[in-house]
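Numbered according to the numbering used here, the sequence shown spans residues 2 to 451.
Each residue gets a CB set at the ideal place from its N, CA and C atoms; glycine is no exception.
Predicted model, so just to flag it, every value in this text is computed and none were measured.
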Amino acid sequence: MRGVSRCPRAGIAIRGRAIIGPVLAIGLSITAAPLIGHSSALAAKPATRTITTFVTIEQRSVVPLGASPGGAGDLTSARGVAAWTDSGPAVGGFASKVMSIVPGVDGRERRNTTVNVSLPEGALFAQQIQDGPIGRPPDGPSTLVILGGTGAYRNARGVVSLVPVRTSVLKYVWTLLPSTGINPEHATTLAFQRVVDATVLGQADDNSSRLTVDGTEGVLRLRGQDGRFTCGDTTFAQARPGGIGVDSWICRCGLPRGSVLVSTLSQVRNGMQSPTTVEDIILGGTGAYAGARGVAVTTRTSDTTADVTLRLLDPTGSPAVPVRFTQERSYRTFGVMQLGGGTRLLAGSTGSQRAPGSDRPIGTSQGLYVSSFDGPATDGQRVSFGVTSLNLKGGSIRAVAFDTGLEAQEDATRTLVVTGGTGIYVGVTGTIGVVPQRGPSDRMVARLAQ
C-alpha cells in the first residue's frame, strides 16, 4: 500500500527527489529575463477570459483492469467533436482518458479524468479527480483544473466547469485567468495532516510488465475544519527483480476554501527505498485556489499519515518572464502492455537529456503513455494521452501530451503542455516542442513562462 506517502509495496520504491529551495539563476543554460523590477502598479491589469464549448461524445469504451469491471485501474476512453453551441457545427475535437482509482460500494467511483479539447486557436488540457457513476459518463456538474494548452492557450491557467447536457453531450465553460508572472521567493503556505481511511488496489501482469493502481482517500486535518482527499498512484514497471519503471501520482486535496490538485512522475526500481520526504507539483486548484502554482512537500510520519505543506506562489500581477531552452534526448521504451484485447496500450519510457550537439548528459526524463484504438493496434485510429517529466539541473518540469491519428502515422513535431515544475522551474507554464531525430532520440524546444 502506498497510502499517504507513495510508500511502495514490497520491492517497489521511488527514486528520491531532492527538495529544492528558492530559485537560483546561477549556472543555467536558459534564456530568462530577470525576476526583479516587476511593478504591478505600472502594468495594465489583464482580464479574465471565458470560453464556452459543447462536446459530443461519438465513441466511448471501458476496459477493466481486472477480470471484471468496477475495480481500481479500469480505463475509459472517449472521443468526439467540439462546438461553440449545443448541436452547433463542429469546430474542433474532444478526447478524454479516465482511470478509476477508488471505486465505491455505492455504485460511484473517484476517477482521474484528463480532457483535451482542440479549437481553431489551439488546444486546452484539463484534469481532476472527479466523482461519478462507475463506468458511465458524468451525471452531475464538476470543476476541473486547467493544465495549460497550445497555440493561443499556451500559458492557460484557471478552471473549467463541466455540466452534462445529455448523456452524450457535455458543456465545458473554460475560465482562463490572466497570464501573469509569479515571484518564486514569495509564497503562501498551508500545512495539514493527511490520514488514510480507505485503500483500493488494482493490478495487471503479463510476462514482462506489471501495472498497479493504488487508490487512497481519507481526512485532511486542518485547524478549525477538516477536509477530504483522494489520491491515485499508478506504477508501471518491468516485472523482473530490479526492473525499471515509472510511477505517476496525483492527489486532490479538498480544503475549506476550494481544492488543490498535486502530481508528480518519478522513476521507480525494484529494491530501492522510498524517501521519507517528497516534493510534488501543484497543477492548479478550484475555488480560492483557482490557477494555483507551486509545490507540495510531504513527509511520511507513519504507514497511514503524512504531514503536508502547500507552497502556493504569489502572483506578481505583471507579465510572465519568458524562459527558453533547447535540449536533445535519447530514450528507450522499457515496457509495453496490452489491455482489453489490444484496445489499450500502455507504454513507459526513460531517457537521457543532453545539451544540443553534445554527448554530455544534463538530466534524465521519464514518460507514461496510454493509447486507445478504434480497431487493431497495428492499423487502427489511435488516441494517446501521456505524461512526461524532465529532471534537470536545479529542478524538474512536468508536462502532458495528446496525440491522435493512425498508428502508422507519426507527426513530425509533437507538443508537450507544461503543467509546472520544481526548483528553478517552479510555477512554469508553456509548451515543449518535440522534433524527432534519427533513431530513438528527439530535440526538445521549450517555450516557458514564469
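Under DSSP, Gly93 takes part in a beta bridge, and its partners are Ala83. Distance between Cys254 and Leu284, taken at the CA atoms: about 12 Å.
Distance between Leu311 and Pro90, taken at the CA atoms: about 43 Å. For Cys232, same chain residues with a beta-carbon under 6 Å away, outside a window of 5 residues either side, are Thr217, Cys252 in chain order.
Annotated three-state conformation of Gly67 is coil, per DSSP. About 7 Å separates the beta carbon of Val298 from that of Thr278, a gap short enough to meet the 8 Å contact definition.
At a Cβ-Cβ threshold of 8 Å, Arg80 and Ala96 count as neighbours.
Inter-residue distance for Ala238 and Thr86 is about 44 Å (C-alpha atoms, whole angstroms). Exclusion of the five residues before and after Asn392 leaves Gly364, Thr365 as the residues of its chain whose Cβ lies within less than 6 Å of its Cβ. In the same chain as Pro134, and ignoring 5 residues on each side of it, the C-beta atoms closer than 7 Å to its own belong to Gly108, Arg109, Asp140, in chain order. Taking a 10 Å sphere around the C-beta of Gln129, we find 16 or more other C-beta atoms and assign the residue as buried. Minimum Cα-Cα distance from Ile58 among the listed residues Ala48, Arg50, Gly94 corresponds to Gly94. The segment 433-441 makes no contact with the segment 144-155, as fewer than three CB pairs between them are under 8 Å.
The three-state secondary structure of Ala289, taken from DSSP, is helix.
Pairwise C-beta distances place the segment 330-343 in contact with the segment 204-217, as three or more of them are shorter than 8 Å. Scanning its chain for C-beta atoms nearer than 7 Å, with the 5 sequence neighbours on each side dropped, one finds around Thr236 the residues Ile13, Thr213, Gly246, Asp248, Val269, in chain order. Contact check for Arg325 against Arg444 fails: the beta carbons are separated by 8 Å or more.
Taking all protein chains shown into account, Asp360 has fewer than 16 neighbouring C-beta atoms within 10 Å of its C-beta and is therefore exposed. The C-alpha of Pro362 is placed about 13 Å away from the C-alpha of Ser442.
As summarised for the segment 343-424, the continuous beta strand (DSSP E) elements at least 3 residues long and confined to that stretch are 345-355, 362-374, 382-393, 396-407, 415-422, given in chain order. One Cα belongs to Asn184, the other to Leu120, and the distance between them is close to 32 Å. Pairwise C-beta distances place the segment 301-309 out of contact with the segment 168-175, as fewer than three of them are shorter than 8 Å. Taking the Cα positions, Arg439 is about 46 Å away from Thr189.
At least 8 Å separates the beta-carbon of Ala293 from that of Ser180. Within a 10 Å sphere around the beta-carbon of Val418 sit 16 or more other beta-carbons, which makes this residue buried.
In this structure, Val116 lies near Leu145, with their beta-carbon atoms less than 8 Å apart.
Listed in chain order, the non-local C-beta contacts of Ser372 below 6 Å within the same chain comprise Leu346, Arg383, Ser385, local neighbours out to five positions each way being set aside.
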